[in-house]
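Heads up, the thing below is written out as structure tokens.
Numbering (this note's numbering), first residue to last: 1 to 357.
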């Protein structure tokens, strides 16, 4: 991702009480085509019909915010959505949810996959019924989707590494990882690990495989701190599920020191939720990467509407500060901007986490 703080967008629309920045139309859209282009799925038609929206979980403030944005963005993009469905962190349930939506006759699906491999079964079912799918947040390893709406997750790990490396000259840092069955967990982990090895060889990386589970993060962090009380830094791959247990664990051990105080453990997170911004303002954590919940919802709706109309896309820059890339699988992914947020820009009104009511 570019090394700037906050991505700017072309113009703003106000939807209810939430202000979001909206691009006009993608510069490289091949409108009206019914031919697959660069891995993009097409369905044809006028774009009408019900759309199913399937969530991975609702225990994270990030996904709660995404869920709140969905009806607003659906209205903005003239997409007729059914009530969102929560798969409760269960990949098998998510396949069942997809089949249930297909049986209800949806003409499009917007899905945030829990497992990059397991989701293929649901995508195959949708393809057999001629229903286009847009994946949000997580790219599938295999299967057909019209577009993946996602940020560059390798950049998340890279930005966390660069920030911590500049704060900590040497010592131990831990990354509290996501589920390695998800491409997001893999890419963030590998990018952080590789960056530290290349750029900050005096840092020693410890790892906690927490699978996006708050209880697992708290328990393993407590054990790790008992053995490593000299820990200097923490990278949390999902603030929505790891922020509260991490701060609580540090506090219980007398290790929660504010930035600038002796013994402060530098902490970088991912998500960009309001709770992280409050923690930055209090000096409890140092930075986070803002994952655009608002734009995940907006462009999830934009691309499913386009797919239902038979539009296709090609790799290249868009007009909303992002780039469409072709993944090794042949799938297209719109990599949205995800800025690093620190005490210097935490109050920027452009950040979606500052617009949540």
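We put the CB at the ideal spot given by N, CA and C, even for glycine.
Should residue 291 go down as buried or exposed, given a rule of 16 or more other Cβ atoms within 10 Å for buried? buried
Whole-number beta carbon distance between residue 180 and residue 189, since they are thought to touch under 8 Å: Between residue 189 and residue 180 the beta-carbon gap is near 7 Å, inside 8 Å, which marks them as a contact.
Going by the C-beta, is residue 204 closer than 6 Å to any heavy atom of the ligand COA? Absent from the structure shown: the ligand COA. Ligands present: none.
Residue 263: buried (16+ other C-beta within 10 angstroms of its C-beta) or exposed? exposed
Member of 325, 149, 339 whose CA lies at the smallest distance from the CA of residue 302: 149
Measure the alpha-carbon distance for residue 228 versus residue 113 and round it to whole angstroms. 35 Å
Mapping the DSSP letters down to three states, classify residue 21 as helix, strand or coil. Note that residue 21 scores 33 on pLDDT, short of 50, meaning its location in the model is unreliable; the coordinates nonetheless yield the value given after this. Strand.
For the candidate residues 146, 253, 97, 51, whose alpha-carbon lies nearest to that of residue 226? Nearest Cα to residue 226 within the set 146, 253, 97, 51: 253.
Using the beta-carbon count (16 or more within 10 Å), is residue 344 buried or exposed? exposed
Endpoints, the beta strand (DSSP E) within which residue 335 is located: 332-336 is the extent of the beta strand (DSSP E) around residue 335.
Would you give the residue range spanned by the alpha helix (DSSP H) that residue 318 belongs to? For residue 318, there is no enclosing alpha helix (DSSP H), as DSSP marks it with neither H nor E.
Report the option in 186, 131, 57 whose CA atom is closest to the CA atom of residue 158. The candidate whose alpha carbon is nearest that of residue 158 is 186.
Alpha-carbon spacing of residue 356 relative to residue 166, whole angstroms: If I take the Cα positions, the gap works out to 31 Å.
Rank 244, 333, 168 by C-alpha distance to the C-alpha of residue 203 and give the top, closest one. Among 244, 333, 168, the Cα nearest to that of residue 203 belongs to 168.
Using the Cβ count rule (16 or more neighbours within 10 Å means buried), how would you classify residue 341? buried
How far does the beta strand (DSSP E) with residue 234 in it extend, from its first residue to its last? Looking at the DSSP string, the run of the beta strand (DSSP E) that includes residue 234 is 233-236.
Touching by the beta-carbon criterion (3+ pairs, under 8 Å), the segment 202-221 and the segment 269-289: With the cut-off at 8 Å, the segment 202-221 and the segment 269-289 do not touch.
According to DSSP, which residues form a beta bridge with residue 209? Per DSSP, 177.
Continuous alpha helix (DSSP H) stretch holding residue 294: start and end: 293-308
How should residue 305 be labelled, buried or exposed, when 16 other C-beta atoms within 10 angstroms of its C-beta is the threshold for buried? That one is buried.
To the nearest whole angstrom, what separates the beta carbons of residue 231 and residue 280, a pair I think is in contact under 8 Å? That pair is no contact at about 20 Å.
Three-way DSSP call (helix, strand, coil) for residue 246 in this model: helix
Indicate whether residue 196 and residue 139 have their beta-carbon atoms separated by less than 7 Å. no
Count the CB pairs spanning the segment 85-103 and the segment 240-251 that are closer than 8 Å, and state whether there are at least three. no
How would you label residue 137, buried or exposed, when you count the other beta carbons within 10 angstroms and need 16 or more for buried? buried
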